[in-house]
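Quick notes on the structure that follows.
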Amino acid sequence: MSKIKIAFIISNLGQGGAERQFLELIRNIDKSRFNVSVCLYAVNKGVFYDEIESVENIIFTKKILKHENKLLKILEAIFFIRNYLSKNVFDIVFTSLFMNGLLVRLAASRRNYKNKVVSTIRNSFSIYTPKHIFIEKYFIKRSYIVANSKSAANDFKAILKKNINQSRIQFIYNGYDKNRYYVSEKRKPDEKLIYGNVGRMTTQKNQIQLLRVFSGQKKDSYKLQIIGSFSDETEKLVSYVDSNGLKNCVELIDKVQNIEDYYKGMDIFILSSFYEGCPNVLFEAMLSKCFCIISKHANSDGFIINGINGYEYDGTDDDLCLVIEITRSVYNTEEGYNIIENGYKYAVENFSMEAMVSNYEKLFIDIYEKNQGCN
0 MSKIKIAFII SNLGQGGAER QFLELIRNID KSRFNVSVCL YAVNKGVFYD
50 EIESVENIIF TKKILKHENK LLKILEAIFF IRNYLSKNVF DIVFTSLFMN
100 GLLVRLAASR RNYKNKVVST IRNSFSIYTP KHIFIEKYFI KRSYIVANSK
150 SAANDFKAIL KKNINQSRIQ FIYNGYDKNR YYVSEKRKPD EKLIYGNVGR
200 MTTQKNQIQL LRVFSGQKKD SYKLQIIGSF SDETEKLVSY VDSNGLKNCV
250 ELIDKVQNIE DYYKGMDIFI LSSFYEGCPN VLFEAMLSKC FCIISKHANS
300 DGFIINGING YEYDGTDDDL CLVIEITRSV YNTEEGYNII ENGYKYAVEN
350 FSMEAMVSNY EKLFIDIYEK NQGCN
C-alpha cells in the first residue's frame, strides 16, 4: 500500500491538553505508512508547543492572519484552508476542537474531501448549545467525529442516532508518554503538603472552589499551586487570594513548558472542573504519582474509583473539605501508598501513547480503504 497522505490542520498550538495530544499524534504516527503535512493557520500569538517545528519527516506550513476584525479573520482562515486543501489533495484531513472542525469542514470541498475529514470533540457533549448540535448534524453525514471519552461518544450517538451511521462516531482515549512524567521517588513531605491543580483559568475549571475551601484550612499546613494559562477567571482568582490573605500559601502560575517538574513536586492533585472529557491533567498527575482527588462532574468515564485509585467528591465545598481531611489522614500510610500506585498503574495500562496512536492509525487506514473502495 502506498503512503496515506494526511493533513493535520489546527489554528495554533497554544497551551492545552487538546493541543498537546494533537502534537503527540503528529510526533508518533508511523511516518513509513503516512505522509504527514501539518498546517497551523492562525499563529498570530506564537506557537506554545514550538517543538512541532523540529518534528522530523513532516511538511510544515504556518500562517499569520492579517485581519483584526473577527469576521474577516474567519473568512481569511477559511479561504487559506480551502486553498491549502486544493493545492495538496490529501487522503485524510485531521483537526481538533470545535472551531477548527467547523472551519476545516467549511473549507473542504465535497468533491475532494467527502468522508475524509476527521474532527475531535474534547469535552462532554452535554455542554454543546443547540447551534453546535445543528452544525454537527449538518457535517457528520460527510465526516467523522472522535471523542476522547466513552460518555461523550455515547451522548453524541444518542443525539444524532437518526441522522447518521453510528460508525461515524468513535472514541479514542488520550495517550501519554509515561517516561516524561516518571518519578523514581517522590519527595518526603513534611507537615506542609503541596496540593496542585492544572488547567486554564476559566469558569469550567472551577478553581475558585479550591480557594474557598483552602481559605478555611490552617495556612501553615499546606501550599496550593494553580497552574495554567491566565484567562477570564484569573482576575477573580487573584482578587480572592489578595482579599483572603492567601499570598503566602497559594501560587497562581501562568502557562509553563516544564509542567512535569511541577507535578513531581505535588503531593495531592485536585481536579475541580464542572465538566471534562478525558482530562489530560488527571493522567499526567497519576503518572507523576500524585494522590488524585476529582469532582464527580469531571469523572465522566469513572476514571477514579473511590478509595481504589483516588477519591471522588460530590462537587460541593463541604464534601471537598471532608475528602481533603481523609486524604491528609491516609497520605503517608500504606493505604495511601496503594491508592497512588493503583492510580499510576491505571494510567499506564489504559492511556499509553502507543495505544492512542495505534487506534488513530487504524481509523485513518479504515477510512482510506473505504474511500478507495468507493472510487
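Quick note: the sequence shown uses numbering that gives the first Met the number 0, first residue 0, plus one each step. Built from N, CA and C at the ideal position, the CB exists for glycine as well. None of these values were measured; they are calculated from a predicted model.
- Secondary structure of T60 (DSSP, three-state): strand.
- Between the alpha carbons of Q14 and C291 lies a gap of roughly 22 Å.
- The stretch 223 to 230 and the stretch 328 to 345 do not touch, with fewer than three beta-carbon pairs separated by less than 8 Å.
- Taking 7 Å as the cut-off, the Cβ atoms of L24 and E18 do not count as close.
- Bridge partners of L192 according to DSSP: Y221.
- Membership of T326 in the alpha helix (DSSP H) is indicated by the continuous run 316 to 329.
- In this structure A354 is in contact with G174, their Cβ atoms being roughly 6 Å apart against a cut-off of 8 Å.
- Among the bridge pairs identified by DSSP, G309 is matched with N305.
- Taking C-beta atoms under 8 Å as the contact rule, V280 and L270 qualify, at a distance of about 7 Å.
- The stretch 129 to 137 and the stretch 275 to 289 do not touch, with fewer than three beta-carbon pairs separated by less than 8 Å.
- Beta-bridge annotation (DSSP): A146 is paired with I120, F170.
- In the pairwise beta carbon analysis, the stretch 353 to 367 is classified as not touching the stretch 319 to 327: fewer than three pairs are separated by under 8 Å.
- Within the stretch 28 to 105, the alpha helix (DSSP H) runs of at least 4 residues that lie entirely inside it are, in chain order, 69 to 86.
- A Cβ-Cβ contact shorter than 7 Å links S272 with N205.
- L209 sits buried, since 16 or more C-beta atoms from the chains shown fall within 10 Å of its C-beta.
- Note that the C-beta distance between F7 and Y40 is not below 7 Å.
- In the same chain as R26, and ignoring 5 residues on each side of it, the C-beta atoms closer than 7 Å to its own belong to V54, in chain order.
- Shown here, E184 sits in coil according to DSSP, grouped into three states, outside any helix or strand.
- Its chain contains R121, N173, P278, N279, V280 as the residues whose beta carbon lies nearer than 8 Å to that of G16, once the 5 sequence neighbours on both sides are disregarded; these appear in chain order.
- Rounded to the nearest whole angstrom, the C-alpha separation of R109 and I158 is 24 Å.
- If you check the CB distance, Y194 and I267 come in under 7 Å.
- Taking C-alpha positions only, K65 is separated from E75 by approximately 8 Å.
- When C-alpha distances from Y181 are compared across D260, R211, P129, G100, the shortest belongs to D260.
- Out of N257, D300, A107, the CA that lies nearest to the CA of Y48 is found in N257.
- By the neighbour-count definition (other C-beta atoms within 10 Å, threshold 16), I126 is an exposed residue.
- In this structure, G276 lies away from N68, with their beta-carbon atoms at least 7 Å apart.
- Beta-bridge partners of S294 (DSSP): Y312.
- No Cβ-Cβ contact shorter than 7 Å links F170 with K191.
- Taking a contact as a CB-CB distance under 8 Å, the pair K115 and V92 counts as one, their CB atoms being some 6 Å apart.
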